[in-house]
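Single-structure report; data block below.
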Amino acid sequence: MIHGAPVGGGVATVVESLTAGLRQSGCHVSHSSSSPAEWKTLLAAVRQSNVMLATHNFRPAYVAWALGVLLRKPVVVWFHGPLSEVLAQAGTSRSKRQWLRWLYRRAIHLVFVSHSSKRSFDLFMEGLPMQRESEAVIVNALLPRPETAPPSPRDDGTVHVGYVGRLSPEKNPHLLIEMMRSLPARFRLTLLGDGPLRGELEDASYDLAQAGRIRFLGYQQDSAAFYATQDLTVLTSLYEGCPMAMLESLQAGVPCVGVPIPSLQEMTQEHAPYLLAKDNTASALADAVFATLNYPSEQRTLDLQQILIGYRHADFVLRWHQLLVNAAAC
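In numbering that gives the first Met the number 0, the protein residues as written are 0 to 329.
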């Protein structure tokens, strides 16, 4: 696997999940950085491999494609998010967009984490002819964990709302603060994560912090224990691919309420549509929080379990294993 700079977050979590699953199935998996300082090590690893997986569709994909041409090795490119939205949010230049279209036309094996991400890619490519031999949608999955019971109701009536993710523009965390102002005083928000907007968010929520209604915990390597302390979690992102934060929350038995972006609609609309707000406003998000908390708890637990059936780790590993074996044979 070829990856970029070491970072936490959902991409790192799902790469770890895939690595563990492939190794359990008997595959030899090595990790190499696409950093120029590591190219000698990377080249040696690629020479010994049957197939390269670029764990992200930007720099790792550039490096993997070049090495694939040089060494005549098959390359699989993994798309973790909706490309059109990602590039629009980043203000990507026309020249870089042209370069990406040129590159992706020549990528032979493509994997998307959701159907909405695949549609976004197709929109970006503008119908250009492709040379690819295979493409697949393989949704993310978490490593199995022991089943946990949903949080018990609190005697004092306090409702604990959690957020897990980067505090950055694409995650739209300001909406969390607006939502809190629409919720009664018994609601408490705890944010697990860090990022460039943290200082700005702390300033904007100073009064809530003084009232004990909001806390910033910063980045933590293991978020699993955090979910057990929350009554529900919230996602406010402008876009997502297949958010691991939602899967982690549901796996812990904690409902995750979100805005109605395509990827979340894809995940929830069949079994638990009440988890999504009617629109992207703070008041609609607050309404979805109330609707979720007021939903019959036993049925809600069953609904969360039904969602997770579509994101089983065994299915995830099997599909990836088959795809990589087929790519290596090309």
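Even glycine gets a Cβ: it sits at the ideal position worked out from N, Cα and C.
Start and end residues, alpha helix (DSSP H) containing residue i
{"i": "GLY67", "result": "58-70"}
{"i": "ALA19", "result": "9-23"}
{"i": "THR300", "result": "296-308"}
{"i": "HIS320", "result": "312-327"}
{"i": "THR267", "result": "261-267"}
For residue i, the first and last residue of its enclosing beta strand (DSSP E)
{"i": "ILE213", "result": "213-217"}
{"i": "HIS55", "result": "Unbroken run through HIS55: none, as it is neither H nor E."}
{"i": "THR189", "result": "186-191"}
{"i": "GLU134", "result": "133-136"}
{"i": "THR291", "result": "Not the beta strand (DSSP E): THR291 falls in the alpha helix (DSSP H), residues 281-293."}
Environment of residue i [buried if 16+ CB atoms lie within 10 Å]
{"i": "ALA210", "result": "exposed"}
{"i": "ILE213", "result": "buried"}
{"i": "ALA328", "result": "exposed"}
{"i": "ASN293", "result": "exposed"}
{"i": "SER48", "result": "buried"}
For residue j and residue i, believed in contact at Cβ under 8 Å, the rounded distance
{"i": "PHE215", "j": "ARG187", "result": "Between ARG187 and PHE215 the Cβ distance is about 13 Å, and since that is not below 8 Å, they are no contact."}
{"i": "ALA53", "j": "ILE1", "result": "5 Å"}
{"i": "SER83", "j": "SER262", "result": "No, SER83 and SER262 are not in contact; Cβ-Cβ is about 13 Å, not under 8 Å."}
{"i": "VAL28", "j": "LEU21", "result": "5 Å"}
{"i": "SER115", "j": "GLU265", "result": "5 Å"}
{"i": "LEU99", "j": "ARG131", "result": "At roughly 15 Å, the Cβ-Cβ gap does not stay under 8 Å, so LEU99 and ARG131 are not in contact."}
Residue nearest to residue i in terms of C-alpha spacing, selected from the options
{"i": "PHE78", "options": "MET243, ILE137, THR300, TRP38", "result": "ILE137"}
{"i": "TYR310", "options": "MET124, GLY3, SER248", "result": "SER248"}
{"i": "LEU127", "options": "LEU141, TYR103, ARG144, GLU134", "result": "TYR103"}
{"i": "LEU45", "options": "SER262, ASN56, PRO73", "result": "The sequence given here places Val at residue 45; Leu does not occur at that position. Here the closest residue by C-alpha is PRO73."}
{"i": "LEU274", "options": "GLN250, ARG165, ARG299", "result": "ARG299"}
{"i": "ARG144", "options": "VAL62, VAL76, ILE107, GLN250", "result": "GLN250"}
{"i": "SER167", "options": "ALA89, VAL256, ARG318, VAL28", "result": "ALA89"}
{"i": "LYS95", "options": "LEU231, PHE57, VAL76", "result": "PHE57"}
{"i": "LEU330", "options": "VAL85, GLN264, LYS277, LEU141", "result": "Nothing about residue 330 can be read from this structure; the chain reaches only from 0 to 329."}
{"i": "TRP38", "options": "PRO59, ALA313, TRP98", "result": "PRO59"}
{"i": "TRP34", "options": "GLN47, GLY3, ALA43, TYR61", "result": "First, the residue type needs correcting, since residue 34 is Ser and not Trp in the sequence shown. Cα-wise, what sits closest to SER34 is GLY3."}
{"i": "GLU177", "options": "PRO259, ALA244, THR235, GLN268", "result": "THR235"}
{"i": "LEU200", "options": "ALA223, LEU175, ARG185", "result": "LEU175"}
- Query: Counting only runs that start and end within the stretch 159-209, where is the beta strand (DSSP E) found for 3 or more residues in a row?
  - Reply: Restricted to the stretch 159-209, the beta strand (DSSP E) segments that are unbroken, complete and at least 3 residues in length are 186-191, listed in chain order.
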